[in-house]
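For the record, the sequence lines run as chains C and F. In terms of the working numbering, the first sequence is residues 3 to 142. In terms of the working numbering, the second sequence is residues 30 to 454. Structure, as structure tokens:
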Amino acid sequence: MTIEEIQEEIVDEFSMFDDWMQRYEYMIELGKSLPLINEKYKTEDNIIKGCQSKVWVHAELEDDKLVFTADSDAIITKGIIAILIRSFSNQRPQDIINADTDFIDEIGLKEHLSPTRANGLVSMIKQLKLYAVAYQTQLN
Amino acid sequence: MFATHVNRISYKKFNLDMLRTSLDVQTIRKDFPILDRKVNGRPLVYLDNAATSQTPQQVIDVIVDYYSNYNANIHRGVHALSQEATDKYEEARKKIQEHFNIAKSHEIIFTSGTTHAINLVANGFSSFLKQGDEILVSAMEHHSNIVPWQMLAERTGAILKVIPMSLDGELEMDAYEELLSDKTKLVFCNHVSNALGTINPIQEIIDKAHEIGAAVLIDGAQAAPHIKADLKALNVDFYTVSAHKMCGPTGVGMLYGKEEWLNTLPPYQGGGEMIAEVTFEKTTYADLPHKFEAGTPNICGGIAFGAALDYMNAIGFESMAKYEKELLDYATKRLSEIDGLKIYGTAKNKTSVISFNIEGIHPYDIGTILDKLGIAVRTGHHCAQPIMDFYKIPGTVRASFSFYNTKEEVDILVEGVQRAKSMLL
């Protein structure tokens with residue numbers, strides 16, 4: 003599936019919910035199913051700055067695709083990362099660089115997109131894209 | 030327009046007189062337009078008062094009146110508006126003087142807030158400290174009462190020592206006494222802890238420091254909304270306050286300093302207003318308080334600060350403190366009923382602040398769910414990381430209550446926390 007197709011699928015899933023509580027409950031469930039980062043990658047270097055909770059992200063190239071794993075000490079933050087990683091993981095770096103993240107708005111999590119929000123969703127997206135840029139350079 | 034304005038003021042005055050005898054919270058709430066708004070479709074429950082308090086209409090009116098009728102630069106003008114603005118600004122200084130029982134009005138320096146005030150003093154002490162001198166800080170300080178002193182220590186070679194605290198969140202006074210020596214030059218401590226609500230025994234702290242000849246700065250930012258400090262009786266050297274914590278606007282506060290200290294400290298910032306005479310060869314400085322008030326100050330803010338003090342005094346600090354204690358006791362009791370909830374800061378003497386966590390849940394998650402329910406609390410380290418390190422936690426959820434909060438709001442908070450818990454665990 004392409005990034006766009008995955009994002010459409012996520013938007014579809016979220017459209018089933020009537021209110022914020024169901025959306026958050028689903029997000030918490032997604033958080034619990036996040037592909038966990040290997041403990042050895044939970045280092046200071048892998049912490050994303052700008053989050054009130056701790057967020058670690060690790061990226062690895064498998065063939066020509068980038069695989070992300072992550073963790074956070076806060077479950078809602080974990081849910082947000084799970085959504086992001088689901089759309090970006092197992093994709094080619096160039097596609098990650100080109101992808102947009104408007105679907106976050108469509109699933110009713112717009113409030114988390116503010117750059118001043120303490121959860122640092124914006125920093126997370128930036129970090130995932132930075133990994134993609136770094137690996138793309140390597141592939142070139 | 031003018032007539033309506035006057036009517037409103039006199040009506041409010043009448044209201045406030047009535048309030049002197051008992052705290053009529055429902056009437057008081059009508060003074061705060063923001064309390065009527067909805068957040069995420071629900072009525073706002075504002076419990077982040079320790080971060081900033083809300084502003085009553087009486088103070089908003091003063092701000093509007095300033096910009097509508099007499100906005101002008103102060104102290105230098107020959108025209109009527111400038112004179113009016115100067116009079117009101119200086120009148121505000123007098124109100125602050127009276128409120129905090131300060132001997133001389135020029136011992137009050139208008140600052141942008143507590144942080145500015147502390148930096149002003151820390152900067153001034155650069156020339157008084159030498160290598161090996163000691164300065165003492167309490168273990169429960171806000172970063173703004175730690176970092177400026179660390180910078181001072183770096184500049185001068187002075188040593189920063191920490192007065193420890195107990196698990197209850199009380200300062201260990203025996204350890205404090207042991208730390209004091211003839212090397213101690215300065216002690217700084219908050220009157221009330223922002224993260225825990227502990228009311229510190231500042232009179233004892235001041236007296237003990239004075240016995241060995243050290244100066245004391247008390248950060249009053251969190252105390253001022255709840256306790257009317259008598260600075261003359263305290264005999265403190267410096268005391269700092271931010272207006273926005275006590276129904277005033279942001280960007281204004283005060284530094285109280287004893288006259289002899291303020292005369293000795295060098296100016297903090299150079300500029301207009303703070304000079305007596307300037308030539309390219311030499312500048313002489315103005316007298317107090319202008320020596321420390323370079324540039325055009327927050328004129329409207331200063332005047333509104335005075336109005337905020339009028340407002341709070343009309344209600345009465347004693348009635349407010351009594352009512353807030355009731356809220357604190359009720360909230361402590363109700364929150365403690367929640368399984369797995371732990372309160373940090375259980376000092377015998379505390380203001381209406383409750384810092385807590387629920388086992389197995391990150392404070393940020395609780396704060397996010399509460400926000401969806403229209404409840405404003407603070408989460409995180411509250412700019413007091415050493416306290417969080419002490420308890421070995423990433424942060425807390427902090428609910429801080431003001432005299433305009435109600436028991437019904439405490440109930441909504443408790444229900445919200447329970448709901449968050451069932452969603453998150």
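Even for Gly, the Cβ is constructed at its ideal location relative to N, Cα and C. Quick caveat, the model's predicted, so the values are computed rather than measured.
- Collapsing the DSSP output to three states places Ile367/F in coil.
- Between Val443/F and Leu364/F a beta carbon distance of about 6 Å is seen, short of the 8 Å cut, so the two are scored as contacting.
- According to DSSP, residue pairing for Asp73/C in a beta bridge involves Trp58/C.
- In the DSSP assignment, Ser271/F is bridged to Gly282/F.
- Shown here, Ile228/F sits in a strand according to DSSP, grouped into three states.
- Boundaries of the alpha helix (DSSP H) harbouring Lys401/F: Pro392 to Lys401, taken from the DSSP string.
- Listed in chain order, the alpha helix (DSSP H) elements of length 4 or more contained wholly in the segment 177-219 of chain F are 202-208.
- Listed by position along chain F, the residues whose Cβ is nearer than 8 Å to that of Gln54/C are Tyr393, Thr408, Gly409 and Gly424.
- Taking 8 Å as the cut-off, the beta carbon of Ala376/F is found closer than this to the beta carbon of Asp197/F.
- Along the segment 10-35 of chain C, going in chain order, the ones with a CB nearer than 8 Å to a CB of chain F are Trp22, Met23, Tyr26, Glu27 and Ile30.
- Ile367/F does not reach chain C, its nearest Cβ partner there being about 18 Å away, counting only Cβ pairs nearer than 9 Å.
- Interface residue (Cβ-Cβ distance to chain C less than 8 Å): Lys421/F is not classified as such.
- Within its own chain, the residues whose Cβ lies closer than 7 Å to the Cβ of Leu260/F, once the five positions on either side in sequence are excluded, are Phe129, Asn130, Ile131, Tyr268 and Tyr285, listed in chain order.
- Using a Cβ-Cβ cut-off of 8 Å, Leu453/F counts as an interface residue toward chain C, since at least one Cβ of chain C sits closer than that to its own.
- The Cβ neighbour count for Asp102/C, taken over all protein chains shown within 10 Å, is under 16; the residue is labelled exposed.
- With respect to Glu127/F, His255/F sits apart: the two C-beta atoms are not nearer than 8 Å.
- Think of a sphere of 7 Å around the beta carbon of Thr45/C: no beta carbon from chain F falls inside it, the nearest being about 17 Å out.
- Listed along the chain, the chain F residues whose CB falls inside 9 Å of the CB of Ile78/C are His391, Tyr393, Asp394, Thr397, Ile398 and Leu453.
- Rounded to whole angstroms, the separation of the alpha carbons of Val382/F and Ile344/F is 21 Å.
- One thing to note: Tyr96/F has its Cβ within 8 Å of the Cβ of Cys329/F.
- Nearest CB-CB separation between Lys401/F and chain C: below the 8 Å threshold.
- By the Cβ-count criterion, His391/F is buried, with 16 or more other Cβ atoms from all chains shown falling within 10 Å of its own Cβ.
- Residue Pro95/C holds the alpha-carbon nearest to the alpha-carbon of Val69/C among Lys44/C, Gln24/C and Pro95/C.
- Looking at the backbone, the Cα of Ser155/F and that of Met341/F are separated by about 37 Å.
- Taking each of Ala109/F, Gln112/F, Ile138/F and Ser111/F in turn and checking the Cα distance to Lys123/F, the smallest one comes out for Ile138/F.
- DSSP, read as helix, strand or coil, puts Tyr433/F in coil.
- When Cβ pairs closer than 8 Å are counted between the two stretches, the segment 50-66 of chain F is seen not to touch the segment 231-249 of chain F, the count staying below three.
- A distance below 8 Å separates the beta carbons of Gly389/F and Leu454/F.
- Within the DSSP bridge table, the entry for Val426/F names Phe385/F and Thr408/F as partners.
- Per DSSP, the unbroken beta strand (DSSP E) holding Ser167/F starts and ends at Glu163 to Ser167.
- Taking all protein chains in view, the Cβ of Gly424/F is crowded by 16 or more other Cβ atoms within 10 Å, so the residue is classified as buried.
- Around the Cβ of Ser451/F, a 10 Å sphere holds fewer than 16 other Cβ atoms; the residue is exposed.
- Bridge pairing for Leu111/C: absent [DSSP].
- Residue-level contact check: Asp107/C does not touch chain F, since none of the beta carbons of chain F fall below 8 Å from its beta carbon.
- The residues Ser167, Met169, Glu170, His171, Asn174, Asn229, Ile247, Asp248, Gly249, Ala250, Gln251 and Ala252, in chain order, have a CB closer than 8 Å to that of Asn219/F in the same chain once the five nearest residues on each side in sequence are set aside.
- Closest in C-alpha terms to Val426/F, from the list Tyr26/C, Ser55/C and Leu38/C, comes Ser55/C.
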